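Residue numbers (the working numbering): 18 to 436. Remarks on the structure that follows.
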Amino acid sequence: MTLRITTLPNGFRIVTEDMPGLKSASVGVWVTAGGRHERAEQNGIAHFLEHMAFKGTATRSALRIAEEIEDVGGYINAYTSKEMTAYYARVLSGDVALALDVISDIVLNPVFDPKEIETERHVILQEIGQSLDTPDDIIFDWLQEVSYPDQPFGRTILGPSERVSAFGRDDLVRFVREHYGPDQMILSASGGLDHDAIVAQATAIFGGLKPVGNPLLEGARFMGGERREVKALEQVHFALAFEAPGYRHPDVYTAQVYSTALGGGMSSRLFQKIREERGLCYSIFAQSGAYEDTGSITVYAGTSEEEIGDLTLLTLDEMKRAADDMSEAEVARARAQLKAGLLMGLESPSARAERNARLLSIWGRVPDVDEAVARIDAVGTADVRRYAGELAGSQAALALYGPVADAPGLEAIRQRLAA
Numbered sequence: 018m019t020l021r022i023t024t025l026p027n028g029f030r031i032v033t034e035d036m037p038g039l040k041s042a043s044v045g046v047w048v049t050a051g052g053r054h055e056r057a058e059q060n061g062i063a064h065f066l067e068h069m070a071f072k073g074t075a076t077r078s079a080l081r082i083a084e085e086i087e088d089v090g091g092y093i094n095a096y097t098s099k100e101m102t103a104y105y106a107r108v109l110s111g112d113v114a115l116a117l118d119v120i121s122d123i124v125l126n127p128v129f130d131p132k133e134i135e136t137e138r139h140v141i142l143q144e145i146g147q148s149l150d151t152p153d154d155i156i157f158d159w160l161q162e163v164s165y166p167d168q169p170f171g172r173t174i175l176g177p178s179e180r181v182s183a184f185g186r187d188d189l190v191r192f193v194r195e196h197y198g199p200d201q202m203i204l205s206a207s208g209g210l211d212h213d214a215i216v217a218q219a220t221a222i223f224g225g226l227k228p229v230g231n232p233l234l235e236g237a238r239f240m241g242g243e244r245r246e247v248k249a250l251e252q253v254h255f256a257l258a259f260e261a262p263g264y265r266h267p268d269v270y271t272a273q274v275y276s277t278a279l280g281g282g283m284s285s286r287l288f289q290k291i292r293e294e295r296g297l298c299y300s301i302f303a304q305s306g307a308y309e310d311t312g313s314i315t316v317y318a319g320t321s322e323e324e325i326g327d328l329t330l331l332t333l334d335e336m337k338r339a340a341d342d343m344s345e346a347e348v349a350r351a352r353a354q355l356k357a358g359l360l361m362g363l364e365s366p367s368a369r370a371e372r373n374a375r376l377l378s379i380w381g382r383v384p385d386v387d388e389a390v391a392r393i394d395a396v397g398t399a400d401v402r403r404y405a406g407e408l409a410g411s412q413a414a415l416a417l418y419g420p421v422a423d424a425p426g427l428e429a430i431r432q433r434l435a436a
């Protein structure tokens with residue numbers, strides 16, 4: 018596989034990875050503008066803009082956008098995250114130029130028709146309502162809010178309904194003007210492709226755009242806190258978070274190995290102790306997420322009102338115990354799980370295109386997969402034990418939803434971890 022990077026004079030970056038033998042390719046534009054780039058009054062607008070990109074351009078209707086990609090058997094989609102918004106398509110290799118033409122059109126030339134804005138506003142409000150009705154979805158938004166209170170990083174991607182209800186065409190145009198410059202975009206493509214052909218097409222489309230500069234980004238500050246929402250549900254939804262390393266921190270892979278060993282699969286400590294041995298829940302897991310300047314270790318479980326106390330205490334005890342007796346076998350298994358997940362995931366051109374765009378935005382380069390594997394392999398048992406000990410003594414955030422009036426609170430959690 019050959020990875021190539023070209024940067025145009027205006028800062029627009031192009032990264033491609035040829036995957037020999039593939040008859041398809043994934044191509045997309047990643048914009049370094051997500052939820053954390055919004056001001057408070059803009060919360061939800063990056064996601065609204067992502068929706069509106071598919072509602073018509075100066076030359077294509079919403080139907081035509083879908084038809085042109087689906088007429089050749091491909092698919093087109095988009096997503097908004099904390100730090101990026103992505104517009105991408107998967108097509109056969111012979112249709113890469115078409116996919117890039119359509120994607121660039123929806124990114125650069127949306128018309129923001131007022132009637133379509135109203136239609137999509139209702140769609141997004143329905144999406145917000147659906148999220149609020151999904152306990153094991155909304156609880157993570159609440160956890161993010163109490164982890165990073167009163168700052169962009171803690172706000173939801175969808176935004177509050179009152180904000181979404183007020184956005185107008187001028188708001189969308191303003192956000193595009195501020196954040197959709199060529200120096201804030203990355204064209205990433207992987208699969209069966211021709212780098213030089215993509216660069217030539219991208220130069221014609223994006224090369225004449227003027228850079229706008231990168232806006233000052235407010236650093237994320239993990240503060241910790243608690244949110245408890247009492248509701249008559251069948252289960253208690255429990256989510257606990259601790260700050261974890263960002264992508265640039267030397268412990269980023271240590272955190273991933275730790276969270277995998279703690280709760281990353283059926284053989285993990287939390288699954289074996291709390292589900293298999295005690296039967297206290299159906300679902301429990303731990304995961305680690307990383308961003309540019311912060312990250313989080315999150316534990317989630319769903320259990321009954323009667324069992325939430327025992328589940329919470331056992332979870333904390335397992336976290337503390339990991340600092341003393343995390344075994345070589347557990348660490349080796351976690352490393353193997355992480356490497357397999359990475360390598361198997363990257364057999365997909367879509368996953369490779371996303372990875373390359375993400376890493377290029379963070380590092381200014383795309384570290385080789387072998388480099389990531391080597392860093393995972395370098396994490397030893399002593400590293401994981403040290404990290405577990407540091408985590409147990411750090412600030413925490415807690416979100417509870419359901420029949421949680423008598424569930425242990427954040428102060429009880431802190432005391433248990435400190436004991």
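The beta-carbon is built from N, C-alpha and C at its ideal position, and this holds for glycine as well. All figures in this text were calculated on a predicted structure; none of them were measured in a lab.
task: Less than 8 Å between the CB atoms is what I'm expecting for GLY355 and THR271, so what's the real figure, rounded?
output: First, the residue type needs correcting, since residue 355 is Leu and not Gly in the sequence shown. Not quite, the Cβ-Cβ distance comes to about 11 Å (not below 8 Å), so this is no contact.
field: Cβ contact check for the region 66 to 76 and the region 124 to 132: 3 or more pairs under 8 Å
entry: yes
query: Contact between the region 104 to 113 and the region 197 to 211: three or more CB pairs below 8 Å?
result: yes
- prompt: Straight-line CA distance for ALA249 to SER321?
  reply: 11 Å
message: For PRO267, list the residues DSSP reports as bridge partners.
response: DSSP lists no partner for PRO267.
message: Quick check on ASN94: does DSSP put it in helix, strand or coil?
response: strand
message: To the nearest angstrom, how far is the alpha carbon of GLY331 from that of ILE291?
response: Strictly speaking, residue 331 in this sequence is Leu, with Gly absent from that position. For LEU331 and ILE291, the distance between alpha carbons rounds to 7 Å.
message: Rounded to the nearest angstrom, what separates MET101 and VAL269 at their Cα positions?
response: 20 Å
message: Going residue by residue through the region 247 to 308, where are the continuous alpha helix (DSSP H) segments of at least 4 residues, counting only ones entirely within it?
response: You should have 269 to 280.
field: Best match in GLN252, ARG338, SER344, GLY242 for proximity to TYR299 [C-alpha to C-alpha]
entry: GLN252
query: Within 10 angstroms of its Cβ, does VAL247 collect 16 or more other Cβ (buried), or is it exposed?
result: exposed
- request: Starting from LEU204, follow its DSSP beta bridges and name the residues at the other end.
  value: ILE31, VAL46
- request: Using the Cα positions of LEU115 and HIS54, report the straight-line distance between them to the nearest angstrom.
  value: 30 Å
field: Sub-8 Å separation of TRP159 and ARG238 beta-carbons
entry: no
- prompt: Bridge partners of PRO384, per DSSP?
  reply: Note: PRO384 sits in no beta bridge, so no partner.
query: Where does PRO152 sit, in a helix, a strand or coil, going by DSSP?
result: Secondary structure at PRO152: helix, using DSSP grouped into helix, strand and coil.
task: Measure the C-alpha to C-alpha separation of GLN161 and ILE222 and round it to an integer number of angstroms.
output: Each residue's Cα considered, the two are about 38 Å apart.
field: Which residues DSSP lists as bridging GLU243, in chain order
entry: Looking at the DSSP assignment, GLU243 forms a beta bridge with LEU415.
- request: In angstroms with no decimal places, state the Cα-to-Cα distance between GLY358 and PRO166.
  value: 32 Å
Limits of the unbroken beta strand (DSSP E) element including TYR197: Element bounds for TYR197: n/a, residue is neither H nor E.
- prompt: In chain order, what residues of the same chain have a beta carbon less than 6 Å from the beta carbon of SER121, not counting five sequence neighbours either side?
  reply: ILE222
- prompt: Identify the residues that DSSP records as bridge partners of PRO131: which are they?
  reply: Answer is none; PRO131 lacks a bridge partner.
query: Is it true that the CB of ALA318 sits closer than 8 Å to the CB of PHE255?
result: yes
query: From ILE393 to GLU309, what distance separates their C-alpha atoms?
result: 19 Å
field: Identity of the residue in VAL163, SER78, GLY306 nearest ASN126 by Cα
entry: Nearest C-alpha to ASN126: SER78.
field: Outcome for VAL190 when other beta-carbon atoms lying within 10 angstroms are tallied against a minimum of 16
entry: exposed
field: One or two residues paired with ILE22 in a DSSP bridge
entry: VAL32
field: the region 28 to 40 touching the region 83 to 102, judged by at least three CB pairs closer than 8 Å
entry: no
message: Please return the same chain residues whose Cβ sits closer than 8 Å to the Cβ of GLY410, not counting the five positions on each side in sequence.
response: LEU434, ALA435
message: Quick check on the burial criterion: 16 or more other C-beta atoms within 10 angstroms. Buried or exposed for ALA63?
response: buried
- prompt: Just curious, the beta strand (DSSP E) that SER121 is in, first and last residue?
  reply: SER121 -> not in any beta strand (DSSP E); alpha helix (DSSP H) instead, spanning 113 to 125.
- request: On a CA-only basis, which of GLY381, LEU377, ALA346, PRO420 is nearest GLU323? Give me that one, please.
  value: PRO420
message: What does the alpha-carbon distance come out to for the pair SER285 and LEU279?
response: 5 Å
query: When we look at the beta-carbon of GLN201 and count the other beta-carbons within 10 Å, is it buried (16 or more) or exposed?
result: buried
query: Should HIS196 go down as buried or exposed, given a rule of 16 or more other Cβ atoms within 10 Å for buried?
result: buried
- request: Kindly give me the distance between the Cβ atoms of TYR275 and ALA95, rounded to whole angstroms, as I take these residues to be in contact under 8 Å.
  value: 33 Å between Cβ atoms; not a contact.
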